[in-house]
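Trainee: Submitted below is the structure of interest, expressed as structure tokens.
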Amino acid sequence: MTIFQYFLLVCWILTINAAENSILEILQTNLISPFSEEIKPIVKAHVYKRIYFIMFNEYFPYGKKFQLNENQNISMDFNKTMKIIIHGWMNDRNTAMPRALRTEYEKLEQFNILVVDWSEISQTILYPLPANGTTTVGECVCDMLMQIYNSSFNKEPDIHIIGFSLGAHVAAFAGRKLMQRNFTVNRITGLDPAKPLIENGLSSSDAKFVDVIHTSSGTYGKKEPMGHILSKRRMGSTIDVIHTSSGTYGKKEPMGHILSKRRMGSTTGLLASSISAFSM
């Protein structure tokens, strides 16, 4: 669907259903924000209140749900790696990607796991709206990490952000915001990073190490090469960037540090199966 077709669809929805449509607020947020500096603080507050975080660790085996600035004490072992899981478009915290990865990481009992639920934004059928919101969602993730670590990264926490589809770009924007605060994320993993309407998305400069797994690259996913090293070896402990279907639905430009092109399974399945084997 072209941008013009999206525009016509938006106009149609607003015309017939503006009084009831729950998407109206998101439309107002995402369509105005790129053009008006004055409205951006309102936009930011609007988006932030629709983002939830769920912490899983030995203190919260069933998960603790919270939002930014709720002044809650988050119990965690600060010596452990923080695994941050961010779902993609039309997903939420209970869909396959966050659930599968969280389950595998929990088995190892080595990590603090933070699931980012931005489904009140991402589950908007009009794709341009959540795509445009990824920058603000990423900023919220950055702000939450600053809050969890008491606004200071003196202990140099080990942070690994994993994002699927649009969530991969949320991870990228979070990493960039943290860099502006003098902290560089150790690792970002992009699972099938989305392509449409994404500019300046995930790149190898967003963390100390960026790995990308593709199963659909070209039209709907980014297909341009994203790595500094091209490899065609099989997935293993040394393979961290994988293209399994380059050229049709995904992004194939260099985004990570190692690049592999292999036809394999789903990105979530690939990473999940690697967690126990390689503690990735």
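Counting with mature numbering (1 follows the signal peptide of the UniProt record, and there is no 0), you get residues -18 to -1, 1 to 262 for the letters of the sequence shown.
Built from N, CA and C at the ideal position, the CB exists for glycine as well.
1) Pairing CB atoms from the stretch 117 to 124 with CB atoms from the stretch 22 to 35, are three or more of them under 8 Å?
2) Can G157 and D188 be called in contact, C-beta distance under 8 Å?
3) Tell me whether L96 is buried or exposed, calling it buried when 16 or more other Cβ atoms sit within 10 Å of its Cβ.
4) If you measure between the beta carbons of N168 and F191, is that distance less than 8 Å?
5) Pick out the complete beta strand (DSSP E) segments inside the stretch 116 to 147, 3 residues or longer, and give them in chain order.
6) Taking the continuous beta strand (DSSP E) assigned at V167, which residues delimit it?
7) Of all the options F38, M79 and D74, which has the alpha carbon lying nearest to the alpha carbon of L173?
8) Among residues of its own chain, excluding the 5 on either side of residue 341, which ones have a beta-carbon nearer than 6 Å to its beta-carbon?
9) What number of angstroms, rounded off, separates the C-alpha of D193 from the C-alpha of N55?
10) If you draw a straight line from the C-alpha of Y44 to the C-alpha of D59, how long is it?
11) Under the three-state reduction of DSSP, which class applies to S50: helix, strand or coil?
12) Among the residues of its own chain, which have a CB less than 7 Å from the CB of F48, if the five just before and after it don't count?
13) Go through its chain and collect everything with a Cβ distance to W100's Cβ below 6 Å, but skip five positions before and after it.
14) According to DSSP, K31 sits in a beta bridge with which residue or residues?
15) Return helix, strand or coil for A176, following the three-state DSSP convention.
Mentor: According to the data block:
1) yes
2) yes
3) buried
4) yes
5) 141 to 146
6) That residue, V167, is in no beta strand (DSSP E); it is neither H nor E in DSSP.
7) M79
8) Not covered by the structure: residue 341. The range shown for the chain is -18 to 262.
9) 32 Å
10) 16 Å
11) Going by the sequence as given, residue 50 is Leu instead of Ser. Note: L50 maps to coil in three-state DSSP.
12) F35 and Q54
13) I33 and V119
14) K31 pairs with nothing; no bridge assigned.
15) strand
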